[in-house]
Every structure is written in structure tokens, then in C-alpha cells.
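Colleague: Attaching a single structure in C-alpha cells format; questions to follow.
Below, the structure is given as C-alpha cells:
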């Protein structure tokens, strides 16, 4: 990874932290969101679905983003279930 891409990722990360939302056109990766809440993930999935239906983003990109967010959500929920089971 070159220096420019690294600083670009850092800028994107701080934008996510600053605004509390992932900018349109940004691919979702675990490194953008260290520990997102279940509520946040659900909200972003709904926002992305709205962007797709309004035509503001490319459907392929939106679907990829939703799949990534759903994987994060499933992982979060299964972790929560494991924690509850171990108590």
C-alpha cells in the first residue's frame, strides 16, 4: 500500500468517526468501523437500501456494501449470543 492510499484511508476513517456515517461510494471494510453497534449497522443497511432505490449509488456497489454490513451484523449478533450463553 502506498503512502497516498494510507493517508486517504486515514481521512476516510476520521470522516466516519467525525460524522458517524460512511460516505457514499466508500467500500465497507472492518477497518473503517472498529466496533460498530448493532443499531448503527441496521441503520447503515437501511440507508444503503434507500440509496440504491433512489438511484444515488450504483446497485452493484450498494449490494456489495449491504453484504459486507450484513456479515458484520451477523458476526456481532453471534458474538452477543455466545457471550449470553457463557454467562
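Residue numbers (our numbering): 5 to 91. Even for Gly, the Cβ is constructed at its ideal location relative to N, Cα and C.
For residue 56 versus residue 63, is the C-beta distance shorter than 8 angstroms?
Modeller: Translated into the one-based positions of the chain shown, residue 56 becomes position 52. Translated into the one-based positions of the chain shown, residue 63 becomes position 59. It is a contact, given that the beta carbons lie within the stated cut-off.
Colleague: Would you report the Cα separation of residue 47 and residue 39, rounded to the nearest angstrom?
Modeller: Residue mapping note: residue 47 aligns to position 43 of the chain shown, counting from 1. Residue mapping note: residue 39 aligns to position 35 of the chain shown, counting from 1. C-alpha separation (whole angstroms): 15 angstroms.
Colleague: Take the Cβ of residue 76 as the centre, count every other Cβ of all protein chains shown within 10 Å, and call the residue buried at 16 or more, exposed below.
Modeller: Along the chain shown, one-based indexing puts residue 76 at 72. Buried: at least 16 other Cβ atoms inside 10 Å.
Colleague: Can you tell me whether residue 73 is buried or exposed, with buried defined as 16 or more other CB within 10 angstroms of its CB?
Modeller: On the chain shown, position 69 is the one that residue 73 refers to. Its Cβ being crowded by 16 or more others within 10 Å, residue 73 is buried.
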